[in-house]
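To keep things clear, I will list the structure first and then write my remarks on it.
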Amino acid sequence: MKVLVIGAGFVGSAAAERLIGLGHEVTVTTTTEAKVGPLAERFGNAIVLKGSDRDGVHAAVGAADAVIVTAGPSAQGSMTPEGRAQTYREILVGTAENVVSAPGDAHIVCLSSLSVYGNAANHLDVVTEDAPTTDSEDPSPANFILMEKTYLSAGDRVAVLRCGDIFGEGDPPIEDKVKMAHQYLAGSVPFAGDALLYRLQVEDAADAAVHAIEKKLTGVFNLTHDEVPPTNSKLFDTISERNDLPPLEYRGEIAGPTKPISVQRLIDSGFTPSRSFDPALAELRDS
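First residue of the sequence shown? That's 1 in full-length UniProt numbering, and the numbers climb one at a time after it.
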């Protein structure tokens with residue numbers, strides 16, 4: 001199978017390695033010309049492609065049997081509403097519009113975010129994929145929701161994976177992120193303090209994307225760990241206290257579920273995210 005991976009970053013590179021190991025012909029994309037050579041050496045085929053390049057996306061997607069879209073906004077541009085407004089629509093929705101309008105009938109797997117639920121499902125006991133999504137106007141959940149609708153408009157050839165906060169090798173430890181929030185953001189973060197901190201280990205993210213391609217999954221799937229984590233404030237403020245720092249300020253611009261998130265639909269499809277919950281968080285959750 002010819003598989004196009006749009007975004008050879010954290011998750012995309014890991015997924016491409018697995019696909020090649022399974023015998024698929026893979027092409028990865030980057031928006032930086034200087035990265036093409038190293039990526040081609042690693043994966044065999046690499047091209048420069050921006051999601052906003054309609055003709056380029058159409059050509060690449062039209063030549064593929066399947067597409068995995070892992071490209072997303074950078075964390076650096078996500079800390080303020082202005083930064084999110086500037087980049088989220090172009091990167092998320094613009095790419096989606098060009099992918100689904102491309103010729104052919106490639107199977108599509110895209111990575112979305114659990115932030116689409118916001119606080120709209122907090123009246124439920126468990127947040128399943130059928131739970132309501134937020135009506136927040138914040139550019140993050142608003143554009144993830146619009147992105148999902150754009151992909152799903154392509155019919156029964158699309159799987160949307162709603163991901164927790166992705167982490168793994170090469171990503172700063174969460175303790176360092178808390179320290180950076182104090183150092184560079186004056187201790188103010190856009191998240192809601194009472195939201196449960198669901199995370200997703202990069203290997204689980206990559207394996208789930210490959211699973212969705214090989215099994216031709218369609219529809220929406222929550223992708224995170226099955227265990228209930230601590231809240232943002234419980235974890236981040238404990239880390240702050242350990243480092244003699246004050247509690248963070250939670251602006252609540254990006255809300256999140258306060259109730260457990262179900263991943264049963266994905267488990268029922270044959271894949272269990274098994275590496276994403278850090279057992280060290282259990283003590284904080286239960287205290």
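Ideal Cβ positions, reconstructed from N, Cα and C, are used throughout, including at glycine.
Would you kindly report the start and end of the unbroken alpha helix (DSSP H) that includes residue 179? DSSP places residue 179 inside the alpha helix (DSSP H), whose first and last residues are 174 to 184.
Taking the CB atoms as reference points, tell me whether residue 197 and residue 171 lie closer together than 8 Å. Between residue 197 and residue 171, the CB-CB gap reaches or exceeds 8 Å.
Measuring straight from C-alpha to C-alpha, what distance separates residue 64 and residue 239? Looking at the two C-alpha atoms, the distance is approximately 45 Å.
Residues that DSSP places opposite residue 223 in a beta bridge: Answer by DSSP bridge pairing, in chain order: 163.
So the beta strand (DSSP E) residue 2 belongs to, where does it begin and stop? Note, residue 2: beta strand (DSSP E), 2 to 6.
Can you tell me the Cα-Cα spacing of residue 183 and residue 245, whole angstroms? Cα to Cα, the separation comes out at about 10 Å.
Which class does residue 257 belong to by DSSP, given the choice of helix, strand or coil? Reduced to three states, the DSSP call for residue 257 is coil.
Straight-line Cα distance separating residue 91 from residue 186: Taking the CA atoms as reference points, residue 186 sits about 27 Å from residue 91.
By alpha-carbon positions, which one of 135, 137, 136, 117 ends up nearest to residue 128? Selection 135, 137, 136, 117 evaluated against residue 128 yields 117 as nearest (Cα-Cα).
Unbroken stretches of the beta strand (DSSP E), 3 residues or longer, contained in the stretch 74 to 150: Whole beta strand (DSSP E) segments, 3+ residues: 107 to 113.
Residue from 263, 158, 282, 150 whose Cα sits closest to the Cα of residue 126: The candidate whose alpha carbon is nearest that of residue 126 is 263.
Which term fits residue 355, buried or exposed, when burial requires 16 or more other beta carbons within 10 angstroms of its beta carbon? One cannot answer for residue 355 here, as it falls past the ends of the chain, which runs 1 to 287.
Just how far apart, CA to CA, sit residue 51 and residue 93? Here the alpha carbon of residue 51 sits roughly 9 Å from the alpha carbon of residue 93.
Contact under 8 Å by Cβ, residue 362 with residue 191: With the chain covering only 1 through 287, there is no way to say anything about residue 362.
Same chain only: Cβ atoms within 7 Å of residue 54, ignoring 5 sequence neighbours per side: Taken in chain order, the residues that qualify are 98.
Might you give, ordered along the chain, the residues of its own chain that have their beta carbon closer than 7 Å to the beta carbon of residue 152, omitting 5 neighbours on each side? Non-local C-beta neighbours of residue 152 in its own chain, meaning closer than 7 Å and more than five positions away in sequence, comprise 158, 160, ordered along the chain.
What separation, rounded to the nearest whole angstrom, lies between the Cα atoms of residue 14 and residue 39? The alpha-carbon of residue 14 is positioned some 12 Å away from that of residue 39.
Spatial distance of residue 124 from residue 154 (CA atoms): Those two C-alpha atoms are separated by around 30 Å.
The stretch 210 to 217 / the stretch 136 to 143 touching (three or more Cβ pairs under 8 Å): No, they do not touch.
Hey, would you say residue 260 sits closer than 8 Å to residue 195, going by beta carbons? No, the Cβ-Cβ distance between residue 260 and residue 195 is not below 8 Å.
Taking the alpha-carbon of residue 133 as reference, which of 222, 9, 23, 207 has the nearest alpha-carbon? Of the residues 222, 9, 23, 207, the one whose Cα lies closest to the Cα of residue 133 is 222.
Whether residue 200 touches residue 231 by CB criterion (8 Å): For residue 200 and residue 231, no; Cβs fall outside 8 Å.
Under three-state DSSP, which class holds residue 232? Residue 232: helix per DSSP, three-state reduction.
Between which two residues does the alpha helix (DSSP H) harbouring residue 43 extend? Bounds of the alpha helix (DSSP H) holding residue 43 are 36 to 43.
Can you tell me the Cα-Cα spacing of residue 73 and residue 28, whole angstroms? The straight-line gap separating the alpha-carbon atoms of residue 73 and residue 28 is approximately 18 Å.
Whole-angstrom C-beta distance between residue 8 and residue 46, which should lie under 8 Å: About 7 Å separates the two Cβ atoms, so the contact holds.
Applying the 10 Å Cβ sphere with the 16-neighbour rule, what's the burial state of residue 148? Its Cβ being crowded by 16 or more others within 10 Å, residue 148 is buried.
CB-CB under 7 Å to residue 112, same chain, minus the five flanking residues each way: which ones, in chain order? Cβ-Cβ distances below 7 Å link residue 112 to 144, 147, 148, 160, 161, 162, 163 in the same chain, with the five nearest sequence neighbours on each side left out; the list follows chain order.
So, using beta-carbon positions, are residue 271 and residue 208 closer together than 8 Å? Yes.
Contacting residues, own chain, Cβ-Cβ under 7 Å from residue 203 (five flanking each side not counted): The answer, listed in chain order, is 14, 168, 275.
Residue 218 by DSSP, collapsed to three states: which one? Look at residue 218 here: in three-state DSSP terms it is coil, with no helix or strand label.
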